[in-house]
Amino acid sequence: MQLANMLTPTLDDARASMPSFAFDPFDPWTVTFQAGLECAGLSGRRVYEVGVGSGTNVLFMLRDCAASLVLGSDLDPRLPVLAQQVVTEVAPGLADRFRPIQGSVSLVNGPAARAEVPLADVVVACLPQVPDPEDTMYARFRGAQLPTAAGAGPRVDDHVAHYYPWAEFNDHPFNAVGLGLIEALLSQVRAYAPRAEVVLNLAGRIGRDSLLRLLRAHHYRPEELASRIVRQDESTDISFFRALEAAMRGTGGEKDFACEFYADPEGRTPLSARAAGELLDADPTAPVYHEICVLRGHPCD
Ligand SMILES: C[S@@+](CC[C@H](N)C(=O)[O-])C[C@H]1O[C@@H](n2cnc3c(N)ncnc32)[C@H](O)[C@@H]1O
Numbered sequence: 000m001q002l003a004n005m006l007t008p009t010l011d012d013a014r015a016s017m018p019s020f021a022f023d024p025f026d027p028w029t030v031t032f033q034a035g036l037e038c039a040g041l042s043g044r045r046v047y048e049v050g051v052g053s054g055t056n057v058l059f060m061l062r063d064c065a066a067s068l069v070l071g072s073d074l075d076p077r078l079p080v081l082a083q084q085v086v087t088e089v090a091p092g093l094a095d096r097f098r099p100i101q102g103s104v105s106l107v108n109g110p111a112a113r114a115e116v117p118l119a120d121v122v123v124a125c126l127p128q129v130p131d132p133e134d135t136m137y138a139r140f141r142g143a144q145l146p147t148a149a150g151a152g153p154r155v156d157d158h159v160a161h162y163y164p165w166a167e168f169n170d171h172p173f174n175a176v177g178l179g180l181i182e183a184l185l186s187q188v189r190a191y192a193p194r195a196e197v198v199l200n201l202a203g204r205i206g207r208d209s210l211l212r213l214l215r216a217h218h219y220r221p222e223e224l225a226s227r228i229v230r231q232d233e234s235t236d237i238s239f240f241r242a243l244e245a246a247m248r249g250t251g252g253e254k255d256f257a258c259e260f261y262a263d264p265e266g267r268t269p270l271s272a273r274a275a276g277e278l279l280d281a282d283p284t285a286p287v288y289h290e291i292c293v294l295r296g297h298p299c300d
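Numbering-wise, numbering that gives the first Met the number 0 puts 13 at position 14 of the sequence shown, and it's gapless, one number per residue.
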């Protein structure tokens, strides 16, 4: 091993001092996302990551996928700063191929993001698909469907990595199934970068069909790049899926929006959202699983 390599911190070193507001770079979500990014044909291409987090995907896309340039922004203004530090410390030779967009940027709102997104070949994102338990519109919906359900749990430092403000995205039809933030992103990318591909890391809890429908509704042809069954994160409140399942009962629309949880890591034993929630209520460490899949959307026209 060369001396330079011995002195260069690794991502493991960076992780040891990772602040709690950053999404864990070794979380199964990120591991699955990277399995998909590896198959996304990023070599020589310009990538924009929405929700750049700790910068772990930036490193991965530059070093392992040979992307030519990566741009990244985040709703949390501390994260582009952190991402830049991590890339510079772990791979100083690649740092000039990462351009963080500073400040708080929701989706691709804001002048710097709007200037850069049209130049991207690929837009990648792993964004929340669960309403913020403190959102008032969601609290009303949950209360109507699950009168006995507990309210918001303790707020963790990386809260915005897990939840999104539901009411703000209510003009997007797929918000009804927790995909409003992702739908808003697709609308923006369609408008500002109509030829760009999208690569999304998505939970299958809402049902794989809903994910495919969302991409098609925005004129993307979906292609699966990776899929894994992972354990339901014990700190994420899944009462939204129970409330949705309860709201659909007896409407005839149950099949369109069937939630998909499992009792085993192979995905052989399906569980309804209600059964999954009851298991977790009784024991937050109960074995409850769901799929994560990485879908690429090819723009169709
Ligand atoms: C689940 S984490 C994923 C982080 C990283 N991309 C990864 O895959 O490891 C979601 C990230 O999206 C960011 N985020 C949440 N809502 C956002 C929004 N409206 N616009 C941009 N970023 C957002 C969070 O701050 C967080 O960094």
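Heads up, the beta-carbon is just placed ideally off N, CA and C, and yes, glycines get one too.
C-beta contact flag for residue i and residue j at 9 Å
{"i": "residue 67", "j": "residue 45", "result": "yes"}
{"i": "residue 22", "j": "residue 43", "result": "no"}
{"i": "residue 201", "j": "residue 291", "result": "yes"}
{"i": "residue 238", "j": "residue 145", "result": "yes"}
{"i": "residue 71", "j": "residue 100", "result": "yes"}
{"i": "residue 275", "j": "residue 31", "result": "no"}
{"i": "residue 47", "j": "residue 80", "result": "no"}
{"i": "residue 259", "j": "residue 204", "result": "yes"}
{"i": "residue 197", "j": "residue 289", "result": "no"}
{"i": "residue 159", "j": "residue 127", "result": "yes"}
{"i": "residue 384", "j": "residue 212", "result": "Only positions 0 to 300 of the chain appear in the structure, and residue 384 is not among them; the question remains open."}
{"i": "residue 58", "j": "residue 15", "result": "no"}
{"i": "residue 36", "j": "residue 123", "result": "yes"}
{"i": "residue 25", "j": "residue 77", "result": "no"}
{"i": "residue 73", "j": "residue 50", "result": "yes"}
{"i": "residue 279", "j": "residue 233", "result": "yes"}
{"i": "residue 85", "j": "residue 61", "result": "no"}
{"i": "residue 134", "j": "residue 153", "result": "no"}
{"i": "residue 283", "j": "residue 263", "result": "no"}
{"i": "residue 119", "j": "residue 195", "result": "yes"}
{"i": "residue 268", "j": "residue 125", "result": "no"}
{"i": "residue 210", "j": "residue 121", "result": "no"}
{"i": "residue 63", "j": "residue 33", "result": "yes"}
{"i": "residue 106", "j": "residue 175", "result": "no"}
{"i": "residue 148", "j": "residue 142", "result": "yes"}
Residue i Cβ short of 8 Å to ligand 1 heavy atom set
{"i": "residue 174", "result": "no"}
{"i": "residue 186", "result": "no"}
{"i": "residue 92", "result": "no"}
{"i": "residue 253", "result": "no"}
{"i": "residue 58", "result": "no"}
{"i": "residue 124", "result": "yes"}
{"i": "residue 105", "result": "yes"}
{"i": "residue 238", "result": "no"}
{"i": "residue 21", "result": "yes"}
{"i": "residue 63", "result": "no"}
{"i": "residue 11", "result": "no"}
{"i": "residue 72", "result": "yes"}
{"i": "residue 109", "result": "no"}
{"i": "residue 200", "result": "yes"}
{"i": "residue 297", "result": "no"}
{"i": "residue 166", "result": "no"}
{"i": "residue 133", "result": "no"}
{"i": "residue 32", "result": "yes"}
Extent of the continuous alpha helix (DSSP H) to which residue i belongs
{"i": "residue 212", "result": "207–216"}
{"i": "residue 97", "result": "Here residue 97 belongs to no alpha helix (DSSP H); instead the beta strand (DSSP E) covers 97–99."}
{"i": "residue 110", "result": "110–115"}
{"i": "residue 181", "result": "179–191"}
{"i": "residue 85", "result": "77–89"}
{"i": "residue 62", "result": "55–62"}
{"i": "residue 277", "result": "272–281"}
{"i": "residue 243", "result": "238–247"}
{"i": "residue 319", "result": "Only positions 0 to 300 of the chain appear in this structure, which leaves residue 319 out of reach."}
{"i": "residue 27", "result": "27–37"}
{"i": "residue 267", "result": "Unbroken run through residue 267: none, as it is neither H nor E."}
{"i": "residue 159", "result": "158–161"}
{"i": "residue 10", "result": "10–15"}
Cβ-heavy atom distance, residue i to ligand 3, below 8 Å
{"i": "residue 298", "result": "Absence of ligand 3 is noted for the structure shown, with ligand 1 being the only ligands found."}
Whole-angstrom C-beta distance between residue j and residue i, which should lie under 8 Å
{"i": "residue 13", "j": "residue 88", "result": "6 Å"}
{"i": "residue 177", "j": "residue 169", "result": "Not really, about 12 Å apart at Cβ, beyond 8 Å."}
{"i": "residue 39", "j": "residue 140", "result": "With a Cβ gap of about 35 Å, residue 39 and residue 140 do not count as contacting."}
{"i": "residue 293", "j": "residue 188", "result": "Not quite, the Cβ-Cβ distance comes to about 16 Å (not below 8 Å), so this is no contact."}
{"i": "residue 171", "j": "residue 299", "result": "With a Cβ gap of about 20 Å, residue 171 and residue 299 do not count as contacting."}
{"i": "residue 27", "j": "residue 227", "result": "7 Å"}
{"i": "residue 206", "j": "residue 256", "result": "6 Å"}
{"i": "residue 248", "j": "residue 297", "result": "At roughly 36 Å, the Cβ-Cβ gap does not stay under 8 Å, so residue 248 and residue 297 are not in contact."}
{"i": "residue 129", "j": "residue 208", "result": "Actually they do not touch by this definition, with Cβ atoms about 19 Å apart."}
{"i": "residue 104", "j": "residue 112", "result": "5 Å"}
Test: residue i CB closer than 9 Å to a CB of chain C
{"i": "residue 223", "result": "The question asks about chain C, but that chain is absent: this structure has only one protein chain."}
Opening and closing residue of the beta strand (DSSP E) in which residue i lies
{"i": "residue 294", "result": "288–298"}
{"i": "residue 46", "result": "45–49"}
{"i": "residue 225", "result": "219–230"}
{"i": "residue 142", "result": "Per DSSP, residue 142 belongs to no beta strand (DSSP E); it is in the alpha helix (DSSP H), 135–144."}
{"i": "residue 201", "result": "196–202"}
{"i": "residue 124", "result": "121–124"}
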